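Residue numbers (this note's numbering): 974 to 1382.
And the structure:
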């Protein structure tokens, strides 16, 4: 097995099983395991041997590393850090996915777009099938606890993170349905759609519906010679899939008061529970100094202040509004860069689509749109290791497309 294949298998095939094992230990034994920490640390250490071999990796290292170090020194001097291990754990949410991206850039000549996207699709299918099987066998964990409504998340700890990842992976299956119409991609699409609804998050359900609608409307947006399978599946979604989705949501809302409350229009417009957390952030950040605004106060201090504002003393409360969480934790400089880097590629894909009108840029632009809006309104996007593991693959694909288009011109 080549080094590249071994790396891709570890990141996109083995990592879901590591996360499931971690969830199994926590949920059934109320204990913690260091296995996922060791696994992710090995991926990060593996990337270090390649860190200076590409210009992209060098830029990431020279820009982000000094900023992170300077932020840490500022937090330490301001007595904002009381748990270094927790701080490193939070920072690993960003170090790990960008370490993956560095290795992808190193092997950019050997790695083609289709190979990487199929590994991403395998990642999503492993997560989806495991959730459906654990639900079928009766040992799946509720997404929101026994008293808080519809939804299961299998053996995973983070239901929202997995839900977003499945939506991103489903954009890949939708792309291949439009590209060739192979029946296996239709099956993959159905599995990912069903699991997205089974998780039960509002953002996940709305994202799944978005994928269905854009798949139906794709011929209006993408110039392509579509297969008979594509049109059959399109009509199946239009005349059976959408009515079934509407009926399922109606049934869930009428048998589950908690889910009904989450779909309340006024609540959705106001931002729901995230609006309360955003309000807490604005109240807390009003006491920031100029230096706090530039360099942040660290995730530990931010979460403690949020919890204190909400009356939860002696504990922490994650913000779950990604742009505010990043700005509060890392400040406008580093936090802004962590936000703008994915957004830059979102705009790049939109630009590709406007120029090329092709299926890949169309679905990647949709995937980035869903990612960004999920981060703003539901969190668990920019700050999610699981979602970012998928997104860095899309970032790599964007650069491959850029160089290919540039060479052709």
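Beta carbons are placed, not taken as given, at the ideal position from N, Cα and C, and that holds for glycine. Treat the numbers as computed from the prediction; the structure is a model and nothing was measured.
* Classify residue 1155 as helix, strand or coil using the three-state DSSP reduction. => coil
* To do: With DSSP as the reference, label residue 1115 as helix, strand or coil.
  => strand
* Asked: Taking DSSP as the reference, what is the three-state secondary structure of residue 1294?
  -> coil
* Could you round the C-beta distance between residue 1357 and residue 1115 to whole angstroms and report it? I think they count as a contact, below 8 Å. => With 8 Å as the limit, residue 1357 and residue 1115 do not qualify as a contact, their Cβ atoms being about 20 Å apart.
* To do: Indicate the three-state DSSP secondary structure (helix, strand or coil) for residue 1195 in the structure shown.
  => coil
* How long is the line joining the alpha carbons of residue 1019 and residue 1359, rounded to whole angstroms? -> 19 Å
* **Cβ pair residue 1292, residue 1279 closer than 7 Å** => Result yes, Cβ atoms of residue 1292 and residue 1279 sit closer than 7 Å.
* Asked: Short check: CB of residue 1267 to CB of residue 1305, under 7 Å?
  -> yes
* Could you tell me whether the Cβ atoms of residue 1097 and residue 1142 are closer together than 7 Å? => yes
* Buried or exposed: where does residue 1207 fall if 16 or more other Cβ atoms within 10 Å of its Cβ makes it buried? -> buried
* **Given residue 1309 as reference, the closest of 1319, 1297, 1200 and 1176 once Cα atoms are compared** => 1297
* Contacting residues, own chain, Cβ-Cβ under 7 Å from residue 1080 (five flanking each side not counted) -> 977
* Asked: Quick one: any contact between the stretch 1040-1054 and the stretch 1316-1323, if contact means 3 or more CB pairs under 8 Å?
  -> no
* Near residue 1348, what residues of its chain come up, given a Cβ to Cβ distance below 6 Å and the 5 sequence neighbours on each side ignored? -> 1295, 1354 and 1355
* Expected contact under 8 Å - CB spacing of residue 1128 and residue 1169 to nearest Å -> In fact, because the Cβ distance is near 17 Å, the residues do not count as touching under 8 Å.
* Asked: CB-CB under 6 Å to residue 1321, same chain, minus the five flanking residues each way: which ones, in chain order?
  -> Taken in chain order, the residues that qualify are 1371.
* To do: Determine the contact status of residue 1337 and residue 1369, defining contact as a CB-CB distance below 7 Å.
  => no
* Does the beta-carbon of residue 1220 have 16 or more other beta-carbons within 10 angstroms, so that it is buried, or is it exposed? -> If you draw a 10 Å sphere on the C-beta of residue 1220, you find fewer than 16 other C-beta atoms in it, and that means exposed.
* Asked: Could you give the distance in angstroms between the alpha-carbon of residue 1068 and the alpha-carbon of residue 1060?
  -> 12 Å
* Asked: Smallest Cα separation from residue 1388: which of 1184, 1218 and 1153?
  -> There is simply no residue 1388 to check, as the chain begins at 974 and stops at 1382 in what is shown.
* To do: Leaving aside the five residues before and after residue 1166 along the sequence, list all residues of the same chain whose C-beta is less than 6 Å from its C-beta, in chain order.
  => 1181
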